[in-house]
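Undergrad:
Chains as they are written, first to last, in my numbering: chain E, 9 to 83; chain V, 3 to 137.
1. Measuring CA to CA, which of V:135, V:40, V:116, V:50 is closest to residue 96 of chain V?
2. From which residue to which residue does the beta strand (DSSP E) around residue 116 of chain V run?
3. What is the DSSP secondary structure of residue 53 of chain V, reduced to helix, strand or coil?
4. Pull up the DSSP beta-bridge partners for residue 60 of chain V, would you.
5. State the Cα-Cα distance for the pair residue 105 of chain V and residue 83 of chain E, rounded to the nearest angstrom.
6. Classify residue 89 of chain V: buried if its beta carbon has 16 or more other beta carbons within 10 angstroms, exposed otherwise.
7. Can you have a look at residue 73 of chain E and say buried or exposed, based on whether 16 or more other CB atoms are within 10 angstroms of its CB?
8. For residue 128 of chain V, count neighbouring C-beta atoms within 10 Å of its own C-beta (all shown protein chains included) and say buried if the count is 16 or more, exposed if not.
9. Tell me whether residue 124 of chain V sits in a helix, a strand or coil according to DSSP, three-state version.
10. Pair every Cβ in the segment 61-78 of chain V with every Cβ in the segment 39-53 of chain V, then say whether three or more of these pairs are closer than 8 Å.
11. Measuring only the C-alpha atoms, how far is residue 58 of chain E from residue 45 of chain V?
12. At the 8 Å Cβ level, is residue 121 of chain V part of the contact set with chain E, yes or no?
13. What's the gap between the Cα of residue 185 of chain V and the Cα of residue 34 of chain E?
14. Starting from residue 92 of chain V, find everything on chain E with Cβ-Cβ shorter than 8 Å and list it in chain order.
15. Buried or exposed: which applies to residue 100 of chain V, given that a residue is buried once 16 or more other Cβ atoms fall within 10 Å of its Cβ?
16. Quick check on residue 83 of chain E: does DSSP put it in helix, strand or coil?
17. Out of V:120, V:57, V:114, state which residue places its alpha-carbon closest to the alpha-carbon of residue 73 of chain V.
18. Whose CA, out of V:86, V:78, V:121, V:80, lies closest to the CA of residue 69 of chain E?
19. Assuming contact is defined by CB atoms lying nearer than 8 Å, are residue 71 of chain V and residue 117 of chain V in contact in what I supplied?
20. State the DSSP-derived secondary structure class of residue 23 of chain V, mapped to helix, strand or coil.
21. Which of the three DSSP states is assigned to residue 77 of chain E in this structure?
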């Protein structure tokens, strides 16, 4: 009888713990999904900036190269 | 037998022609550069080299004549860089840096150039060491 009672108590403790952990893990999943929702747009914008930046850089370098060719005597 | 002789004769002739064409191309290239003879010989002898900042530098301790050549060349190049920088809306230093990338690429084997670590290198037959920021 006493044994049965302890077993019952243990089951109840496990159940309570189980509910607690499910709640915790569910909230973690919810938190994660909240963070994930915001991220997708940013990387595309950065990539475009790099591409434009690279094109400007090449254009500027080309202008300097042309100036050098025109004044080859001092370069 | 006769055929081989003709062939070898032709081979020699074509070699001579190639040599003449090659020399005239080299002479033409030197003429097109339009460099002052003193400047050209300073480059050839390795007394001056191309720096990463876009200007000439005296390699080691040099004569007053070489040092004055470097100073005068600095002013002339700065004018060209300044003009381009204004047209492009960038700083003179930035334009000069791009110039340095190009100048180092334009060196021919035997000429001196500055490596990204600041040391003087002699240009070999391969590509020179360029700064990682060169376009």
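Just so it is clear, CB atoms sit at the ideal spot from N, CA and C, and this is done for glycine as well. Predicted, not measured: the structure shown is a model, and the values here were computed from it.
TA: With the given structure in hand:
1. Taking the first residue of the second chain as 1, we reach residue 96 of chain V at position 94. Answer by Cα proximity: V:135.
2. For the purposes of this step, residue 116 of chain V is identified with residue 114 of the second chain, where counting begins at 1. Boundaries of the beta strand (DSSP E) harbouring residue 116 of chain V: 114-116, taken from the DSSP string.
3. Residue mapping note: residue 53 of chain V aligns to position 51 of the second chain, counting from 1. In this structure, residue 53 of chain V counts as coil in the three-state DSSP scheme.
4. Sequence index remark: in the second chain, residue 60 of chain V carries index 58 (1-based). Partner(s): V:50.
5. Locating residue 105 of chain V in the second chain gives position 103, where the first residue counts as 1. Locating residue 83 of chain E in the first chain gives position 75, where the first residue counts as 1. One C-alpha to the other measures close to 7 Å.
6. Locating residue 89 of chain V in the second chain gives position 87, where the first residue counts as 1. Residue 89 of chain V comes out exposed.
7. Within the first chain, residue 73 of chain E is the residue found at index 65, counting from 1. Buried, because 16 or more other Cβ atoms sit within 10 Å of the Cβ of residue 73 of chain E.
8. Along the second chain, read from residue 1 onward, the residue named residue 128 of chain V stands at position 126. Under the 10 Å beta carbon count, residue 128 of chain V is surrounded by fewer than 16 other beta carbons and is classified as exposed.
9. Within the second chain, numbered from 1, the residue matching residue 124 of chain V stands at position 122. Three-state result, residue 124 of chain V: strand.
10. Taking a cut-off of 8 Å for Cβ pairs, the segment 61-78 of chain V and the segment 39-53 of chain V touch, as three or more such pairs fall below it.
11. Start at 1 with the first residue of the first chain, and residue 58 of chain E comes out as number 50. Start at 1 with the first residue of the second chain, and residue 45 of chain V comes out as number 43. Each residue's alpha carbon lies about 38 Å from the other.
12. By one-based count along the second chain, residue 121 of chain V stands at place 119. When Cβ-Cβ separations below 8 Å define contact, residue 121 of chain V makes no contact with chain E.
13. Any question about residue 185 of chain V goes unanswered here, given that chain V covers just 3 to 137.
14. As a first step, residue 92 of chain V is located in the second chain; it is residue number 90 there, counting from the start. Those are 68, listed as they occur along chain E.
15. Counting from one through the second chain, the residue named residue 100 of chain V turns up at place 98. Per the 10 Å Cβ criterion, buried.
16. For the purposes of this step, residue 83 of chain E is taken as residue 75 along the first chain, with counting starting at 1. The answer is coil: DSSP assigns residue 83 of chain E none of H, G, I, E or B.
17. Counting from 1 along the second chain, the entry for residue 73 of chain V is found at position 71. Comparing Cα-Cα distances from residue 73 of chain V to each of V:120, V:57, V:114, the minimum goes to V:57.
18. Position 61 of the first chain, counting from 1, holds the residue named residue 69 of chain E. The shortest C-alpha separation from residue 69 of chain E is found at V:86.
19. As a first step, residue 71 of chain V must be located in the second chain, where it is residue number 69. As a first step, residue 117 of chain V must be located in the second chain, where it is residue number 115. Result no, Cβ atoms of residue 71 of chain V and residue 117 of chain V do not sit closer than 8 Å.
20. The sequence position of residue 23 of chain V within the second chain is 21, counting from 1. Legend: pLDDT at residue 23 of chain V = 48, less than 50; position of this residue unreliable, no value from coordinates given.
21. Translated into the one-based positions of the first chain, residue 77 of chain E becomes position 69. The answer is helix: DSSP assigns residue 77 of chain E an H, G or I state.
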